[in-house]
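Trainee: Per our numbering: the sequence shown = residues 440 to 850.
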Amino acid sequence: MRRFLALFLVFLFSFSVLAHAGAGFAVNGIRFGGGAEKSRIVIELAGPAADYQLRWDNQGYEARLSLPYFSDIQGSRIQKPYPANLKGISVQPDKSGRRAIVFQFRTPVERLSDFSLASANTAEGKLPPRIVIDYRTEGSVVAQATPHAPPRQMQPSIAPQTIEPAAANTSPIYDDTPTNAPKKQYVVVIDPGHGGQDPGAKGKNGVWEKNIVLSLAKQLRRALEQEEKYKVVMTRSDDTFIKLGDRVKFARKHKADLFVSIHADSMDGEARGASVYTLSEKASDEQSAKLAERENLSDVIAGYDLSHESADVANILIDLAMRDKMNQSNFLALNVVNAFKGNSVRILERPHRSAGFAVLKAADIPSVLVETGFLSNRSEADLLASPAHQQKVAAALKNAINGYFTKLENR
440 MRRFLALFLV FLFSFSVLAH AGAGFAVNGI RFGGGAEKSR IVIELAGPAA DYQLRWDNQG
500 YEARLSLPYF SDIQGSRIQK PYPANLKGIS VQPDKSGRRA IVFQFRTPVE RLSDFSLASA
560 NTAEGKLPPR IVIDYRTEGS VVAQATPHAP PRQMQPSIAP QTIEPAAANT SPIYDDTPTN
620 APKKQYVVVI DPGHGGQDPG AKGKNGVWEK NIVLSLAKQL RRALEQEEKY KVVMTRSDDT
680 FIKLGDRVKF ARKHKADLFV SIHADSMDGE ARGASVYTLS EKASDEQSAK LAERENLSDV
740 IAGYDLSHES ADVANILIDL AMRDKMNQSN FLALNVVNAF KGNSVRILER PHRSAGFAVL
800 KAADIPSVLV ETGFLSNRSE ADLLASPAHQ QKVAAALKNA INGYFTKLEN R
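Now the structure itself:
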């Protein structure tokens, strides 16, 4: 019973963490770094990094950083001088109803990566939460400058604000590499649906679902592996058939912190748009009983052996574990929906749905199944086969996953 009470408190704490929403925060500073290989923009925050959205225009002249609770940038320290290719910084309303910090460049740049970092203690002092944006300008070298400047006040304005750089001081240049993130390396299992003799849906353009989702899964793996805090494994990396139950076992074997199954939809008509599925309450209740029976109450919740507990206690623990997992899965699904919106990935009118997918039924692993679009729609089938669109979807999923783990890190 003591074990039950301890686990119950752990689950209760997890619920309260994921239910909490940040009240709002300020952007404390913007500074720059990098070298000949890449350029870097670092946005320092007064509070935990929220589920940000970063959008680039197609030509690479502009990056828009949208923050859910972003109010203003008054009093922020803006490093001087700007990098040679950075034309200006402004604050503008975002079409999603939020506000965005807009970075405009003189010549096109190549987007490399973006990630968020929790606060950290270093020899130079405590670093605040940060959002880091890496990009590359062909043949350019980042302008040398010191990172911090004294705060300056800006007059509020309803119109977009153009932010002039403040004077520099001699503050040390901090290291904003992903290694400053928490030491834990998160295991993300990516599950490309179907494979082998199970081709999935056939697109109007003749392309099979199994090939589309494998290509997209590899794009997501490459995007996540740009950050050291992720260890990414795939249930399949070639045209192999894997049973649904074996996919779940694979995730458990690798002690997955997150399970993302990637599919492409198909139906009669001209429906189009992405969606994300989580396990439904009804399926969860049914699965609780199946788990208890099939696994003989042993090793079904993060390695805990429940075989010595009474049937009532074991059933309660399994139910709590699955509800906790569902709560986390729902939070990730919301992140995916918001990230798709932010990255201009078309979604269904009701994009977050629930169903009893077998691959979502691991009691101890937060899981989502992403339907990336409809192969039965010719124009969307062509999009899904496009490497550029796959990269856009992968970038959105990476942002959603970053937001999910940032929430856990800052609890």
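All C-beta atoms, glycine included, are put in the ideal place defined by N, C-alpha and C.
Which of the three DSSP states, helix, strand or coil, is assigned to residue 560?
Mentor: Here the question's residue 560 lines up with position 121 in the sequence shown. If DSSP states are grouped into helix, strand and coil, residue 560 belongs with the strands.
Trainee: Quick one: is residue 573 buried, meaning 16 or more other Cβ sit within 10 Å of its Cβ, or exposed?
Mentor: Reading the sequence shown from its first residue, position 134 is the one you call residue 573. It counts as buried.
Trainee: Indicate whether residue 560 and residue 546 have their beta-carbon atoms separated by less than 7 Å.
Mentor: Taking the sequence shown and counting its residues from 1, the one referred to as residue 560 is at position 121. Taking the sequence shown and counting its residues from 1, the one referred to as residue 546 is at position 107. Cβ distance not < 7 Å, so residue 560 and residue 546 don't count as in contact.
Trainee: For residue 712 versus residue 785, is the C-beta spacing smaller than 7 Å?
Mentor: Here the question's residue 712 lines up with position 273 in the sequence shown. Here the question's residue 785 lines up with position 346 in the sequence shown. In this structure, residue 712 sits near residue 785, with a CB-CB distance shorter than 7 Å.
Trainee: If I follow the unbroken alpha helix (DSSP H) through residue 500, where does it start and stop?
Mentor: For the purposes of this step, residue 500 is identified with residue 61 of the sequence shown, where counting begins at 1. Per DSSP, residue 500 belongs to no alpha helix (DSSP H) and is neither H nor E.
Trainee: For residue 437, write down the residues that DSSP places opposite it in a beta bridge.
Mentor: As shown, the chain starts at 440 and ends at 850. That puts residue 437 outside it, with no answer to give.
Trainee: CB-CB under 8 Å to residue 835, same chain, minus the five flanking residues each way: which ones, in chain order?
Mentor: Counting from one through the sequence shown, the residue named residue 835 turns up at place 396. Only 775, 778, 779, 781, 782, 784 meet the Cβ criterion.
Trainee: Under the criterion of a Cβ to heavy atom distance below 6 Å, does residue 769 qualify as lining the ligand NAD?
Mentor: Inclusion of the ligand NAD in the displayed structure is not the case, the ligand content being empty and no account of it being possible.
Trainee: In terms of residue numbering, what span does the alpha helix (DSSP H) encompassing residue 478 cover?
Mentor: Here the question's residue 478 lines up with position 39 in the sequence shown. Where residue 478 is concerned, there is no enclosing alpha helix (DSSP H), although the beta strand (DSSP E) it sits in stretches over 478-484.
Trainee: Take residue 642 and list the residues in its own chain whose beta-carbon comes closer than 6 Å to its own, dropping the five residues that flank it on each side.
Mentor: Within the sequence shown, numbered from 1, the residue matching residue 642 stands at position 203. 814, 820, listed in sequence order.
Trainee: With a 10 Å radius around its C-beta and 16 neighbouring C-beta atoms as the bar for buried, classify residue 636 as buried or exposed.
Mentor: Taking the sequence shown and counting its residues from 1, one reaches residue 636 at position 197. Residue 636 is exposed by the Cβ-count criterion.
Trainee: Which of the three DSSP states is assigned to residue 651 in this structure?
Mentor: Here residue 651 is taken as the residue at index 212 of the sequence shown, counted from 1. Residue 651: helix per DSSP, three-state reduction.
Trainee: What residues match up with residue 713 in a beta bridge as DSSP calls it?
Mentor: As a position in the sequence shown, residue 713 is number 274, starting the count at 1. Answer is 786, bridged to residue 713.
Trainee: Is the distance from the Cβ of residue 555 to the Cβ of residue 838 below 7 Å?
Mentor: Working through the sequence shown from its first residue, we reach residue 555 at position 116. Working through the sequence shown from its first residue, we reach residue 838 at position 399. Contact flag unset, no.
Trainee: Express the C-alpha separation of residue 650 and residue 681 in angstroms, rounding to a whole number.
Mentor: Along the sequence shown, one-based indexing puts residue 681 at 242. Along the sequence shown, one-based indexing puts residue 650 at 211. The straight-line gap from Cα to Cα measures roughly 14 Å.
Trainee: Assess contact between the region 657-666 and the region 677-692, defined as three or more Cβ pairs (one per stretch) separated by less than 8 Å. Is contact present?
Mentor: Cβ pair count under 8 Å is below three, so no.
Trainee: Hey, could you find the ends of the alpha helix (DSSP H) residue 686 is sitting in?
Mentor: One-based indexing of the sequence shown puts residue 686 at position 247. In the DSSP annotation of this structure, the continuous segment of the alpha helix (DSSP H) that includes residue 686 starts and ends at 683-692.
Trainee: Roughly how many angstroms separate the alpha carbons of residue 717 and residue 830, rounded to a whole number?
Mentor: To locate residue 717, count along the sequence shown from 1; it is residue 278. To locate residue 830, count along the sequence shown from 1; it is residue 391. Computed Cα separation, rounded: 23 Å.
Trainee: Go ahead and pull the three-state DSSP assignment for residue 781.
Mentor: The residue given as residue 781 occupies position 342 in the sequence shown. Secondary structure at residue 781: helix, using DSSP grouped into helix, strand and coil.
Trainee: Give me whichever residues DSSP pairs with residue 469 in a beta bridge.
Mentor: As a first step, residue 469 is located in the sequence shown; it is residue number 30 there, counting from the start. Note: residue 469 sits in a beta bridge opposite 482, 517.
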